[in-house]
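Notes follow the structure.
Protein chains: 2
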Amino acid sequence: METTVAVIGGGSWATALVKLLSENEVVINWWLRSKSDMNHIINYGHNPRYLSGVHLNLKKIKPQHELKEAIATADIVLLAVPSAFVREVLDLLPTDALQGKIVVTAIKGMIRNENILVTDYVSKRFSITADDLLAIAGPCHAEEVALEKLSYLTICGANIAKAKAFASLISCRYLKATAIEDLAGAEYCAVMKNVIAIACGIAHGLNYGDNFQAVLVANAMQEIRRFLDAVTPMERDLNASAYLGDLLVTTYSQFSRNRTFGSMIGRGYSVKSAQLEMRMVAEGYYAVACIYPMMKKHQVKMPITQAVYNILYEKISPIVEFQILRDLLA
Amino acid sequence: METTVAVIGGGSWATALVKLLSENEVVINWWLRSKSDMNHIINYGHNPRYLSGVHLNLKKIKPQHELKEAIATADIVLLAVPSAFVREVLDLLPTDALQGKIVVTAIKGMIRNENILVTDYVSKRFSITADDLLAIAGPCHAEEVALEKLSYLTICGANIAKAKAFASLISCRYLKATAIEDLAGAEYCAVMKNVIAIACGIAHGLNYGDNFQAVLVANAMQEIRRFLDAVTPMERDLNASAYLGDLLVTTYSQFSRNRTFGSMIGRGYSVKSAQLEMRMVAEGYYAVACIYPMMKKHQVKMPITQAVYNILYEKISPIVEFQILRDLLA
């Protein structure tokens, strides 16, 4: 019998994941918040707002607007809403709605205010054990999946057999997926990379060059290692694609929204005016507010995170903050 | 008394290093192979061929054409010729010419045919001990030094006090230098990064995207670690700027000659026609010929190096070779 996957979310990453899954023998219950987007997809086989060039195979993909129904028949529930909305969406469900299912998060962010990982929230609210939780780690621009450019994903889960099974389910001609056991570490890294991308953007906005960016990213890797060693210690290869690869694809992309946001801050925009101009909030803006208190609590030396936090939340001038930061890098 | 540094070489990296040193209280005996370039510098205070916008302070910089004289009064000899010419230049000197001096290499390459590091060759030919040998590791585009964009260098040497002293000598307002003890590892890494840059170029030429490049670079770091652990094992943090930073500035630069060369190979140029078109030979072309036999000898798993070697020296099609490589990455 075919596996049924409920994909929750209608953005570009959700659309890319739906496309990937539909390359294999699965049924996809695709939940979209917007009824008109759902209808557009049913009528025309394209998402009107994200990756609209991607043809969606409606023989396998069933767009839906009722969350409970989308999930009811699913073996696997794949969360792909922006982190800012995940709690709102999950709280629509009764607490037994995910029993017996595998929950996969493709969200690169944490639950705001609670400052916990998405999988921790799912585990707590729905009484799901670590055994049934997976996370998808990059490096992966949705746009390149849309173009069927060869990409790689890492499926992270304590139960490596389940991680491997999902890796097979999502692999295809242009997507290779592997599995690792480090769930929390990969999730935190995905969150932190957006903070680092903002830092790279700020540096760019302040007119620092490529030499400085390379040093910034190398130091960021050391900062990420210190954080993970303090918060969720285990033997891990930080140079694996799930960590370093993900950081690179974000920090070196001209299209990264976090980098663009940082660049505007570096050029002198206020946080509010940068957000208004971009018509959106970069994930890293929330991410640093989640990571910062953890850094304080665990007393981890994280000068880049500190600088981004000070600039975005303490309104310290990027020029001044980077004068301090530059002396802390090597 | 002021330190006298002999800088050997007239290219862009040599010019950038001369500029950096001249920010401090040193005397620089600058040896250039070309007599007309030397005269141009003496007359106009600019290198006519490389970083020609850089003003050279002739109160401190003494351009010279006689190698022995340039070296005779020097406390420190800084080698900055292309690796292809280093042996030819060094062999002009009597074997006792470097006695009592500190020799610093800024060369990102190995001695051809002998397949040994520049410091190993210097040590052997001139009977210099490891105590007096240093290497300069990136990440550093010479062009950004010329523009006085903040950059970082790492000075590598077994004698950490001497490495630190040279780090102070070369540090200035826009250059921060630190010291580490790993001489051979940093030198090998600087050589290997050019091979990886060629691989990134080939991928680009074959139309692979940013997702793939991020995976390629992450896998390259793992490949570099395996090589160093086999060839020159010691405790080192590969995410330091000297290793990861140097790799990033090269592989993500649109201006890297190695990347450009690789990109032409990926688009179907033969090695010879790419070299003719570029009017130069990319360092990585020689580097892979040095690294490959060591990889074989030490039996290290290095699929990226293997692929670049097969494409450049065994004339295997880049398309075919990357079809094999892509399945070996994760």
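Protein sequence lines correspond, in order, to chains F and W. Each residue of the first sequence is one higher than the last, beginning at 34 in the working numbering. Each residue of the second sequence is one higher than the last, beginning at 34 in the working numbering. For each residue, glycine too, the CB sits at the ideal point set by N, CA and C.
Worksheet entry | Residues that E177/W contacts on chain F, provided the C-beta gap is smaller than 9 Å | Position 144 of the second sequence, counting from 1, holds the residue named residue 177/W. Neighbours of E177/W on chain F, chain order: G242, D243, N244 and F245.
Worksheet entry | Chain-ordered neighbours of R359/F on chain W, where CB pairs are closer than 7 Å | Position 326 of the first sequence, counted from the first residue, corresponds to residue 359/F. Going along chain W in sequence order, the residues near R359/F (Cβ under 7 Å) are L183.
Practice prompt. For the beta strand (DSSP E) holding Y241/F, just list the boundary residues, first then last.
Written response: Numbered from 1 along the first sequence, position 208 holds the residue referred to as residue 241/F. Careful: Y241/F lies outside any beta strand (DSSP E) and carries neither H nor E.
Item to complete: Mind checking the stretch 284–301 of chain F against chain W and listing, in chain order, the residues whose C-beta falls within less than 8 Å of any C-beta there?
Response: Y285 and S286
Discussion item. Once the 5 residues before and after S45/W are set aside, which same chain residues still bring their CB inside 6 Å of it?
Written reply: For this step, residue 45/W is matched to residue 12 along the second sequence. Y83, L84 and A175, listed in sequence order.
Item to complete: Identify the continuous beta strand (DSSP E) that holds I213/W and give its terminal residues.
Response: Taking the second sequence and counting its residues from 1, one reaches residue 213/W at position 180. Run containing I213/W: L208 to I213, per the beta strand (DSSP E) assignment.
Worksheet item: How close, in whole Å, do the beta carbons of N192/F and A315/F come, if the pair is a contact with beta carbons under 8 Å?
Response: By 1-based counting over the first sequence, the position of residue 192/F is 159. By 1-based counting over the first sequence, the position of residue 315/F is 282. Contact between N192/F and A315/F does not hold, since their C-beta atoms are separated by about 33 Å, which reaches or exceeds 8 Å.
Fill in: Option in R300/W, Q287/W and L186/W with minimal Cα separation from A236/W
Along the second sequence, one-based indexing puts residue 236/W at 203. Of the listed residues, the one whose Cα sits closest to A236/W is R300/W.
Worksheet item: Going along the chain, which residues of the stretch 188–219 of chain W sit with their C-beta nearer than 8 Å to a C-beta in chain F?
Response: K209 and T211
Worksheet item: Beta-carbon separation of V114/F and I140/F under 9 Å?
Response: The residue labelled residue 114/F in the question sits at position 81 within the first sequence. The residue labelled residue 140/F in the question sits at position 107 within the first sequence. Result yes, Cβ atoms of V114/F and I140/F sit closer than 9 Å.
Fill in: Nearest residue (CA-CA) to G278/W, options T187/W, G43/W, A105/W and P172/W
For the purposes of this step, residue 278/W is taken as the residue at position 245 of the second sequence. The shortest C-alpha separation from G278/W is found at P172/W.
Worksheet item: Per DSSP, Q97/W is paired with what?
Response: Indexing the second sequence from 1 puts residue 97/W at position 64. In DSSP, Q97/W forms a bridge with W64/W.
Discussion item. Quick check: what's the CA-CA separation for V51/F versus G238/W?
Written reply: Start at 1 with the first residue of the first sequence, and residue 51/F comes out as number 18. Start at 1 with the first residue of the second sequence, and residue 238/W comes out as number 205. Computed Cα separation, rounded: 29 Å.
Item to complete: Measure the alpha-carbon distance for M328/W versus K334/W and round it to whole angstroms.
Response: Position 295 of the second sequence, counted from the first residue, corresponds to residue 328/W. Position 301 of the second sequence, counted from the first residue, corresponds to residue 334/W. C-alpha separation (whole angstroms): 8 Å.
Item to complete: Mind listing the chain F neighbours of R259/W? Cutoff is C-beta to C-beta under 7 Å, in chain order.
Response: Along the second sequence, read from residue 1 onward, the residue named residue 259/W stands at position 226. Within chain F, no residue comes near R259/W; the closest Cβ sits about 11 Å away, beyond 7 Å.
Worksheet entry | Segment contact, 8 Å Cβ cut-off, at least three pairs: the stretch 125–143 of chain W with the stretch 157–171 of chain W | yes
Discussion item. With the cut-off set at 9 Å, would you say L89/F and S67/F are in Cβ contact?
Written reply: The count along the first sequence starts at 1 and reaches residue 89/F at position 56. The count along the first sequence starts at 1 and reaches residue 67/F at position 34. No; because the gap between Cβ atoms is not below 9 Å, this pair is not in contact.
Worksheet item: If we call anything under 9 Å between Cβ atoms a contact, is A273/W one with A251/F?
Response: Walking along the second sequence from the start, residue 273/W turns up at place 240. Walking along the first sequence from the start, residue 251/F turns up at place 218. Taking the C-beta atoms as reference points, A251/F is found nearer than 9 Å to A273/W.
Discussion item. Distance check for A117/F and K182/F, CA to CA, integer angstroms please.
Written reply: Reading the first sequence from its first residue, position 149 is the one you call residue 182/F. Reading the first sequence from its first residue, position 84 is the one you call residue 117/F. Whole-angstrom Cα-Cα distance: 29 Å.
Discussion item. Against chain W, does C173/F count as a neighbour if the rule is that its beta carbon must be under 9 Å from one of theirs?
Written reply: Here residue 173/F refers to the residue found at position 140 of the first sequence. Closer than 9 Å: yes.
Item to complete: Please name the residue, chosen from A194/F, P336/F and D164/F, that lies closest to Q356/F on a Cα-to-Cα basis.
Response: Residue 356/F sits at position 323 when you count from the first residue of the first sequence. Answer by Cα proximity: P336/F.
Worksheet item: Can you tell me where the alpha helix (DSSP H) with Y285/F in it begins and where it stops?
Response: Counting from one through the first sequence, the residue named residue 285/F turns up at place 252. Note, Y285/F: premise wrong, no alpha helix (DSSP H); not H, not E.
Discussion item. Within 10 Å of its beta-carbon, does G317/F have 16 or more other beta-carbons around it, so buried, or fewer, so exposed?
Written reply: Mapped onto the first sequence, residue 317/F falls at position 284. Flag for G317/F reads buried.
Discussion item. Report the CB separation of P326/W from N148/W in whole angstroms; it is logged as a contact under 8 Å.
Written reply: In the second sequence, residue 326/W corresponds to position 293, counting from 1. In the second sequence, residue 148/W corresponds to position 115, counting from 1. Contact flag correct, Cβ pair sits at about 6 Å.
Worksheet entry | CB of L293/F within 9 Å of CB of M311/F, strictly | What you label residue 293/F is simply residue 260 of the first sequence in a count that begins at 1. What you label residue 311/F is simply residue 278 of the first sequence in a count that begins at 1. Before going further, note that residue 293/F is Thr rather than Leu in the sequence given. Result yes, Cβ atoms of T293/F and M311/F sit closer than 9 Å.
Item to complete: Below 6 Å CB to CB, which residues in the same chain sit around H73/W once its five sequence neighbours on both sides are set aside?
Response: If you number the second sequence from 1, residue 73/W lands on position 40. P81.
Worksheet item: DSSP beta-bridge partners for L186/F?
Response: Sequence index remark: in the first sequence, residue 186/F carries index 153 (1-based). BP columns for L186/F point to A210/F.
Practice prompt. Starting from L18/F, find everything on chain W with Cβ-Cβ shorter than 8 Å and list it in chain order.
Written response: What the structure shows of chain F is the stretch from 34 to 363, and residue 18/F is not part of that stretch, so it cannot be assessed.
Practice prompt. Please confirm whether A210/W and L186/W have their CB atoms less than 9 Å apart.
Written response: Against the second sequence, residue 210/W aligns to sequence position 177. Against the second sequence, residue 186/W aligns to sequence position 153. Against a cut-off of 9 Å, the Cβ pair of L186/W and A210/W comes out as a contact.
Fill in: Through-space distance from A200/W to L167/W, alpha-carbon basis
Locating residue 167/W in the second sequence gives position 134, where the first residue counts as 1. Locating residue 200/W in the second sequence gives position 167, where the first residue counts as 1. Roughly 10 Å separates the two Cα atoms.
Worksheet item: Is it true that the CB of I109/F sits closer than 9 Å to the CB of T162/F?
Response: Within the first sequence, the letter at position 129 stands for residue 162/F. Within the first sequence, the letter at position 76 stands for residue 109/F. Contact: no.
Worksheet item: What span of residues does the beta strand (DSSP E) with A307/W cover, start to end?
Response: Counting from 1 along the second sequence, the entry for residue 307/W is found at position 274. Element bounds for A307/W: not the beta strand (DSSP E) but the alpha helix (DSSP H), V304 to M311.
Worksheet entry | Extent of the continuous beta strand (DSSP E) to which L167/W belongs | As a position in the second sequence, residue 167/W is number 134, starting the count at 1. Where L167/W is concerned, the enclosing beta strand (DSSP E) stretches over L166 to A170.
Worksheet entry | Extent of the continuous alpha helix (DSSP H) to which T338/W belongs | Locating residue 338/W in the second sequence gives position 305, counting from the first residue. Start and end: P336 to Y346.
Practice prompt. Work out the CA separation of W64/F and Q308/F for me, nearest whole Å.
Written response: The residue labelled residue 308/F in the question sits at position 275 within the first sequence. The residue labelled residue 64/F in the question sits at position 31 within the first sequence. Whole-angstrom Cα-Cα distance: 27 Å.
Worksheet item: Which whole-angstrom value describes the C-beta separation of G234/F and G142/F, a residue pair presumed to lie in contact below a C-beta threshold of 8 Å?
Response: As a first step, residue 234/F must be located in the first sequence, where it is residue number 201. As a first step, residue 142/F must be located in the first sequence, where it is residue number 109. The pair is not a contact, with the Cβ atoms about 17 Å apart (cut-off 8 Å).
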